[in-house]
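Beneath this line is the structure, given in structure tokens, with notes to follow.
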Amino acid sequence: MGFMKREERFNIMYKPNNLILRTTTSLISFILLGFAIYLLLAGHNSPGGGFVGGLVTSASIILLYMAYGKNSVDEILPINYRLLIPIGLVIAILTGAGSFLFGVPFLTHTFGTVELPLYGEIELATAMLFDLGVYFTVLGSTITIILSIANDKKIVD
Amino acid sequence: MTNDILILTENILDSVTILCLVGISISLILLVYRVLSGPTNADRAVALDAIGINLVAVAAFVSVILVTTKLNDAILLIAILSFLGTVAIAKYLEKGVIIDRDMD
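Line by line, the protein sequences give chains A and B. All residue numbers for the first sequence refer to this note's numbering, where the first residue is 10 and numbers rise by one. All residue numbers for the second sequence refer to this note's numbering, where the first residue is -17 and numbers rise by one.
If you want it as structure tokens, here you go:
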């Protein structure tokens, strides 16, 4: 290759791939999923909650889509994201209406402490169930929006 | 004597934090100018990445001023979203599409 001009050599060797992105995605995506679960569980008495947890989960899945392409990720994660929106809304409504069973107003929440054998005492709140509904709704709507925008072009060839 | 030294270091910490916050604010204004009038799109991409890093620094200094650790999750979240945005812009500049159909 020593006798070629610089542009010719550049044209031969230059083939765009995203090897670094794929290698780092397989690491970062799972860190993001763990961080999303942490944000979802820490929601009711520190920063976090269902909304941010859903956003971080959708960021992780969008990172997978950016690295591996649409067809591959559709095979890996065969989830209908439109179906997650009504599931999340039904969970949120049932959590709110569950307070009628105890004769208190709509969306009343409470908490209690549970003793675990090795871990100690943990605090469980019913606001986390409502956060779960928010989580599914935000996850479904965000990925539906981004994939709809990304796939609006028709296949030419 | 030791009490005086402690008060002195506390004052130094406060003033240095305010000074750094002012410097990062000036840097943010200059970076917004670079985003608005960058000659090429690569300049805008680099400026947006630097804006993300400066936002992390602003959140860290605010958490120093407010003496709290509740902002650590927000700092991590800003860094993650800034990384995702930089990846998306870089892929758009290089290949023209952000989410392509197939693995090439």
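For every residue, glycine included, the Cβ atom is placed at its ideal position computed from N, Cα and C. Keep in mind the model is a prediction, meaning the values are calculated, not measured.
{"query": "Terminal residues of the continuous alpha helix (DSSP H) containing L133(A)?", "result": "Where L133(A) is concerned, there is no enclosing alpha helix (DSSP H), although the beta strand (DSSP E) it sits in stretches over G129 to A134."}
{"query": "Closest Cβ-Cβ distance between V61(A) and chain B: below 8 Å?", "result": "yes"}
{"query": "For I152(A) and I70(A), which I take to be in contact (beta-carbon distance under 8 Å), what is that distance rounded to the nearest angstrom?", "result": "6 Å"}
{"query": "Could you give the DSSP three-state label for V49(B): helix, strand or coil?", "result": "coil"}
{"query": "The beta strand (DSSP E) spanning L86(A) covers which residue range?", "result": "It is not in any beta strand (DSSP E) - L86(A) carries neither H nor E in the DSSP assignment."}
{"query": "Any idea what DSSP makes of F120(A), helix, strand or coil?", "result": "strand"}
{"query": "Between I60(B) and chain A, is any beta-carbon pair separated by less than 8 Å?", "result": "no"}
{"query": "Name the DSSP bridge partner or partners of L125(A)?", "result": "G129(A)"}
{"query": "Please decide whether M75(A) counts as near chain B, where near means a Cβ-Cβ distance under 8 Å.", "result": "yes"}
{"query": "One question on the structure: do A45(A) and G58(A) come within less than 8 Å of each other, judged by their Cβ atoms?", "result": "no"}
{"query": "Which chain A residues sit within Cβ distance under 8 Å of I8(B)?", "result": "Near I8(B) there are no residues of chain A at all, since even the closest Cβ is about 28 Å away, more than 8 Å."}
{"query": "Nearest chain A C-beta to I35(B) closer than 8 Å, yes or no?", "result": "no"}
{"query": "Among residues of its own chain, excluding the 5 on either side of I0(B), which ones have a beta-carbon nearer than 7 Å to its beta-carbon?", "result": "none"}
{"query": "Since I believe V38(B) is in contact with I60(B) (beta carbons under 8 Å), could you give me their beta-carbon distance rounded to a whole number of angstroms?", "result": "5 Å"}
{"query": "Could you give the residue range of the alpha helix (DSSP H) that holds F109(A)?", "result": "Element bounds for F109(A): n/a, residue is neither H nor E."}
{"query": "Where do the ends of the alpha helix (DSSP H) carrying I57(B) lie?", "result": "N54 to K77"}
{"query": "Classify T146(A): buried if its beta carbon has 16 or more other beta carbons within 10 angstroms, exposed otherwise.", "result": "buried"}
{"query": "Would you check if the segment -15 to -3 of chain B and the segment 15 to 25 of chain B touch, i.e. whether three or more CB-CB distances between them fall below 8 Å?", "result": "no"}
{"query": "Quick check on I0(B): does DSSP put it in helix, strand or coil?", "result": "helix"}
{"query": "Determine the extent of the alpha helix (DSSP H) in which S55(A) is found, giving its start and end residues.", "result": "Taken as a continuous stretch (DSSP letters only), S55(A) belongs to no alpha helix (DSSP H), as it is neither H nor E."}
{"query": "Alpha carbon to alpha carbon, how far is M10(A) from Y90(A)?", "result": "Confidence in M10(A) is poor, its pLDDT being 49 and thus under 50, which makes the residue's placement unreliable; the coordinate value appears in the next sentence. Straight-line Cα distance between these residues: approximately 50 Å."}
{"query": "Which of the three DSSP states is assigned to M10(A) in this structure?", "result": "Residue confidence for M10(A) is low, a pLDDT of 49 falling below 50, so the modelled location carries little weight and cannot support an answer."}
{"query": "Take I33(B) as the anchor and find which of V49(B), N54(B) and S7(B) has the nearest alpha-carbon.", "result": "S7(B)"}
{"query": "Roughly how many angstroms lie between the CA atoms of N156(B) and F109(A), to the nearest whole one?", "result": "Because chain B in this structure spans residues -17 to 86, residue 156(B) falls outside the shown range and cannot be described."}
{"query": "Check the Cβ of N80(A) against every Cβ in chain B and list those closer than 9 Å, keeping chain order.", "result": "R83, D84 and M85"}
{"query": "Between T34(A) and A56(B), what straight-line distance do the alpha-carbon atoms span, to the nearest angstrom?", "result": "21 Å"}
{"query": "Establish whether the CB of G41(A) and some CB of chain B are separated by less than 8 Å.", "result": "Residue identity check: residue 41(A) is Leu in the sequence provided, not Gly. Taking Cβ atoms only, chain B reaches closer than 8 Å to L41(A), which makes this a yes."}
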